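Comments concern the structure below.
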Amino acid sequence: MSQPHAGRRIRWLMAVLAALTASTASLLTWIAVNLPPFPALAHGRVVQLMPVPLFELGIRTLGGWAKPSLLLALLLLEASVLTVLGVGWLRLARRRVITTLAALVISTYILFGVIASLILGLGPFASEASGGLRTGLGPLLTYVVWGLGLWGARDATRATRLPLTEKALDDSRRRLVLITMPWLALTVTGLGGGLWALLHRATVPRTAASTGRTPEVTPTRDFYVISKNVLDPTPDPASWRLLVEGMVNRRLELTLDELRALPAVEQWGTMECISNPVGGPLIGNASWKGVRLADLLAHAGVWKGARDVTTVCADGYTESLEMERATHPEVLLVYEMNGEVLTAKHGGPLRLQVPGRYGLKSSKWVELVRVVQGDHRGYWQQESNWTDLGDVHIECRLDQPPERQLQMGATLLTGIAYAGLRGVSRVEVSTDGGETWGEAAVEVPLGPLSWLLWTYDWKPAGPGGYEVIARAYDLEGNPQEEGLSGPRGAMAGRDAPVVQGAMGLHRMFLMVTES
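Written out as structure tokens, the structure reads:
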């Protein structure tokens, strides 16, 4: 192979190695001391700005691994950019090596930290992301390590730029192998370990497996988990504080023990994710214990004219409730779930629980409650135009039988129904695709904020295929909406929220055989 050819290949090899070294350092630092690299900072905004059809496609295709996969793609994109820039520097660096390398590192930091960061709406050096200016240290570390890697790579590629005999070139290659092999082994080991640790700790959406009839109370281990993050925060309960500020007479700062000492409320309540499809598993019913948000606001003393109560969370998530709803007695700041300390995965040490509204309103890892004068648009409303109200639609799900092929004979159909604060009055079931309907037997719910369980005894008229449909009515007699089945909901107009919860009737196709 000619010397120029060998030189190009070596430059690419060393540039890739320097970029991988930087990625390894950034991953390990993120996991160890919570200094995220730029792809991690950009990840949330990319999801937030993503068109809803593309968002839905990713969820349908990759399920719970959609967001970790996007992060890996962004990490690969950053490494690719660093590789190309590194090849250019290794090829052109002749004089003033330290000066040009420093200029390259600083320029790259500005490229990602200012230009890309501002385009994504994160502020200069991601200063508007959760963590403030400290978040800029993660990308800075990445590019400094990258620069050091290029410095080491320059020594390894220097010989390829000189006129050499074949013997001298072979000696140079052997030295290159002796240098790069240990470096490559350490980098690959560190990168593999960092990716394993990242994916092991990554928040993957979780739902309980369908086993037929739904229990009245969802165990905490089976309660659905959804997050905007790849790595969720894990606040230390001992040092955690809740601040209440804004348009209030008294600014409050409370420890977890001080919150627990306040008058507590315990209530049954159902929570549903706004991304839950018709008949989906992203819904659960649990016991919640905490303090009324209204009591804290009363203690702080809200000014006249205040409109919204906002929550700011440890991961940078923000949401809001209009004052009228925030002061309803069922809205709680909870620290216990199903009689146990609220886990970090479910928002511990403190989360909001807003019955009757989708889970995006029940902020997790709450650190700040702020009373404001205007209409605050939260994390998903700012760019993505998700619903700001968040009231749940009537939900009626078919759960049993879990199998789709049955034998002739009596069959018990079961499911859940939920309508938020509107309550459920009755459930109807059709086994002929909606031509005729029969009334199901409903159980008394655990409380006015809980789902209810229903059953329907059915004896097929004969073998064949049956389309089973269930629908619920609220306490005012309004039937379940028959809208779109995706999370976008009914598109009422051009300016309507693009995501406002699934609407539609849950259908199940059953095949009945003689034996």
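Heads up, the final residue of the sequence shown is numbered 517 in the working numbering, and it's a clean run with no missing numbers.
Don't be surprised by glycine CBs; every beta carbon is placed ideally from N, CA and C.
What you are looking at is a predicted structure, and each value in this text was computed from that prediction instead of being measured.
Residue range of the unbroken alpha helix (DSSP H) whose run includes residue i
{"i": "residue 111", "result": "99–112"}
{"i": "residue 457", "result": "Per DSSP, residue 457 belongs to no alpha helix (DSSP H); it is in the beta strand (DSSP E), 454–460."}
{"i": "residue 85", "result": "68–94"}
{"i": "residue 297", "result": "295–302"}
{"i": "residue 48", "result": "40–51"}
Contact check, residue i vs residue j, beta carbons under 8 angstroms
{"i": "residue 340", "j": "residue 302", "result": "no"}
{"i": "residue 364", "j": "residue 249", "result": "no"}
{"i": "residue 33", "j": "residue 140", "result": "no"}
{"i": "residue 147", "j": "residue 23", "result": "yes"}
{"i": "residue 483", "j": "residue 505", "result": "yes"}
{"i": "residue 308", "j": "residue 375", "result": "yes"}
{"i": "residue 260", "j": "residue 314", "result": "no"}
{"i": "residue 187", "j": "residue 17", "result": "no"}
{"i": "residue 89", "j": "residue 13", "result": "yes"}
{"i": "residue 45", "j": "residue 232", "result": "yes"}
{"i": "residue 350", "j": "residue 343", "result": "yes"}
{"i": "residue 267", "j": "residue 311", "result": "no"}
{"i": "residue 111", "j": "residue 230", "result": "no"}
{"i": "residue 265", "j": "residue 297", "result": "yes"}
{"i": "residue 21", "j": "residue 84", "result": "yes"}
{"i": "residue 57", "j": "residue 114", "result": "no"}
{"i": "residue 245", "j": "residue 352", "result": "no"}
{"i": "residue 2", "j": "residue 75", "result": "Only positions 3 to 517 of the chain appear in this structure, which leaves residue 2 out of reach."}
{"i": "residue 30", "j": "residue 192", "result": "yes"}
{"i": "residue 443", "j": "residue 367", "result": "no"}
{"i": "residue 338", "j": "residue 410", "result": "no"}
{"i": "residue 286", "j": "residue 225", "result": "yes"}
Residue range of the beta strand (DSSP E) that includes residue i
{"i": "residue 339", "result": "334–339"}
{"i": "residue 310", "result": "310–315"}
{"i": "residue 508", "result": "508–515"}
{"i": "residue 324", "result": "320–324"}
{"i": "residue 469", "result": "466–476"}
{"i": "residue 429", "result": "426–432"}
Heavy atom of the ligand MN within 7 angstroms of residue i beta-carbon
{"i": "residue 400", "result": "For the ligand MN, the structure offers nothing, since it holds no ligand at all."}
Cβ separation of residue i and residue j, assumed to be a contact under 8 angstroms, to the nearest whole Å
{"i": "residue 431", "j": "residue 425", "result": "With a Cβ gap of about 19 angstroms, residue 431 and residue 425 do not count as contacting."}
{"i": "residue 512", "j": "residue 475", "result": "With a Cβ gap of about 24 angstroms, residue 512 and residue 475 do not count as contacting."}
{"i": "residue 37", "j": "residue 152", "result": "Residue 37 to residue 152, Cβ: 21 angstroms. No contact."}
{"i": "residue 466", "j": "residue 514", "result": "6 angstroms"}
{"i": "residue 2", "j": "residue 471", "result": "The chain is shown only over 3 to 517; residue 2 falls outside these bounds and no answer can be derived."}
{"i": "residue 413", "j": "residue 462", "result": "7 angstroms"}
{"i": "residue 216", "j": "residue 455", "result": "7 angstroms"}
{"i": "residue 290", "j": "residue 271", "result": "5 angstroms"}
{"i": "residue 189", "j": "residue 423", "result": "That pair is no contact at about 56 angstroms."}
{"i": "residue 345", "j": "residue 222", "result": "7 angstroms"}
{"i": "residue 427", "j": "residue 479", "result": "7 angstroms"}
Minimum Cβ-Cβ distance from residue i to chain C less than 8 angstroms
{"i": "residue 268", "result": "Among the chains in the structure shown there is no chain C, since it carries only a single protein chain."}
Contact between the segment 392–410 and the segment 273–289 (3+ Cβ pairs under 8 angstroms): yes
Inside the segment 332–417 only - alpha helix (DSSP H) runs reaching at least 4 residues: 381–384
Inter-stretch contact (C-beta, 8 angstroms, three-pair minimum) for the segment 353–364 and the segment 325–341: yes
Those runs of the alpha helix (DSSP H) which lie wholly inside the segment 204–287 and span at least 4 residues: 258–262
Contact the segment 69–77 vs the segment 96–113: 3+ CB pairs below 8 angstroms: no
Contact between the segment 434–443 and the segment 364–381 (3+ Cβ pairs under 8 angstroms): no
At least 3 beta-carbon pairs within less than 8 angstroms: the segment 221–238 vs the segment 251–261: no
Three-pair Cβ contact test at 8 angstroms for the segment 387–395 versus the segment 447–457: no
Cβ pair count under 8 angstroms reaching 3, the segment 312–328 against the segment 412–420: no
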